[in-house]
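Report on one structure; see the data block that follows.
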Amino acid sequence: MNHQKNTNFQMVEQNTTRKNPESTKIVALSARPCGREDGISSNPDLLSNKNLHSSNPVLMPDENLYALCKSYGERARIWRQRFAGLLPEVFKRGLYEKKGFFSIFEFAKKLAGMSEEQVRLVLNLEKRFEQTPALKTLLTSGKVRINKLARIVSIAKPENEIFLATQVQFLSKNAVETLVRDEKFAMENAENFSNTMVNFEKQKGLDINALLKEFLQKREEEIMKRKNKIVEEMAQKQEQKRNEVRGKKKELAQKKSPSRHIPIAVKRILHLEYGTKCSIKKPT
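Going by our numbering, the letters in the sequence shown line up with residues 6 to 289, in that order.
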């Protein structure tokens with residue numbers, strides 16, 4: 006009975022491969038190592054260690070097991086992120102229906118384990134980024150995490166899309182939240198000040214366009230200073246990490262001190278007194 010099931014399974018698998026030869030390419034691509042936004046592993050030595058992958062987890066040391074878990078988790082996150090970027094195009098073509106899925110949600114759940122909420126978020130972001138193609142490209146290419154893009158969508162405009170697209174790629178989640186908070190604060194203050202000045206102008210009959218322009222210019226300068234401060238903090242952290250790595254390398258180099266040099270005259274005296282025998286007395 007089991008032999009018959011295995012035979013049927015092999016026949017179905019062969020038929021599927023004939024009907025859809027592209028599936029073999031997809032499998033081959035999915036086997037590529039990744040771990041960073043560009044698909045390159047952050048730990049190539051670990052991924053190239055075949056013995057580590059084939060080892061029994063029960064017999065692994067804690068460090069090896071943790072490194073393997075971290076590597077696999079990182080790879081899974083990157084590929085799911087890229088899969089999510091394909092969903093808007095899949096939805097537009099109705100590809101999920103052509104392949105026998107009831108809905109786009111079933112399609113994403115069965116192929117990548119994505120929830121309905123995550124799928125809705127991706128599709129909504131794609132619509133809201135219609136006027137900001139730079140940010141839309143980050144979404145559909147899977148280069149940036151969906152949660153980061155969801156945080157900046159409320160402040161995204163054609164005027165600032167290039168700046169946001171640059172910042173969101175290397176800022177941490179907390180730094181992105183700070184950036185969004187500062188932008189919202191500046192936008193709300195500028196709007197409130199503009200309304201106040203317009204009302205004041207109507208009441209007093211004064212021309213205050215110059216004052217309004219000066220105020221807005223100062224606010225832009227303050228925002229730019231905050232942005233530069235965030236970038237400087239990120240650069241300092243990266244430099245600190247590099248210094249730590251250099252310090253560790255220096256410590257290792259210092260530990261490997263060369264053997265002490267013995268002058269020739271001393272060697273001759275020792276040879277005359279002890280010959281080829283060791284001069285150190287053995288414990289009794």
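From the three backbone atoms N, C-alpha and C, an ideal C-beta is built for every residue, glycine too.
query	result
Could you spell out where the alpha helix (DSSP H) holding residue 273 opens and where it closes?	269–279
Which residue's Cα is closest to the Cα of residue 155: 147, 176, 130?	130
Is residue 141 buried or exposed, if buried means 16 or more other CB atoms sit within 10 Å of its CB?	buried
Alpha carbon to alpha carbon, how far is residue 106 from residue 99?	10 angstroms
Please report the distance separating the alpha-carbon of residue 96 from that of residue 112.	10 angstroms
Residue 101: buried (16+ other C-beta within 10 angstroms of its C-beta) or exposed?	buried
From residue 147 to residue 135, what does the alpha carbon distance come to, in whole angstroms?	16 angstroms
Quick check on DSSP: helix, strand or coil for residue 135?	coil
For residue 172, which residues in the same chain have their Cβ closer than 7 angstroms to its Cβ, ignoring the five residues on either side in sequence?	184
Taking its Cβ as the centre, do 16 or more other Cβ atoms sit within 10 Å of residue 149, making it buried, or is it exposed?	buried
What are the start and end residues of the alpha helix (DSSP H) that includes residue 93?	67–98
Under 8 angstroms between the Cβ atoms of residue 170 and residue 139?	yes
CB-CB under 8 angstroms to residue 274, same chain, minus the five flanking residues each way: which ones, in chain order?	none
Which residues in the same chain have their Cβ closer than 8 angstroms to the Cβ of residue 151, if we skip the five residues on either side of it in sequence?	86, 89, 123, 126, 127, 130, 144
Using the beta-carbon count (16 or more within 10 Å), is residue 269 buried or exposed?	exposed
So, with DSSP's three-state summary, where would you put residue 21?	Model confidence at residue 21 stands at a pLDDT of 41, short of 50, so the residue's coordinates are unreliable; what they give is reported in the following sentence. In this structure, residue 21 counts as helix in the three-state DSSP scheme.
Just the C-alpha distance for residue 221 and residue 178, rounded to the nearest angstrom, thanks.	28 angstroms
Let me know if residue 250 comes out buried or exposed under the rule of 16 or more other beta-carbons within 10 Å of its beta-carbon.	exposed
Excluding the 5 residues preceding and the 5 following residue 240 in the sequence, name in chain order all residues of the same chain whose CB lies nearer than 6 angstroms to its CB.	none
Among residues of its own chain, excluding the 5 on either side of residue 27, which ones have a beta-carbon nearer than 6 angstroms to its beta-carbon?	Only weak support is given to the placement of residue 27: the predicted model assigns it a pLDDT of 41, under 50, and the value that follows is read from those uncertain coordinates. There are no such residues.
Can you tell me whether DSSP reads residue 177 as helix, strand or coil?	coil
Quick one: what's got a C-beta closer than 8 angstroms to residue 227's C-beta in the same chain, skipping five residues either side?	191
Once DSSP output is grouped into helix, strand and coil, what is the label at residue 118?	coil
Taking the CB atoms as reference points, tell me whether residue 133 and residue 158 lie closer together than 8 angstroms.	yes
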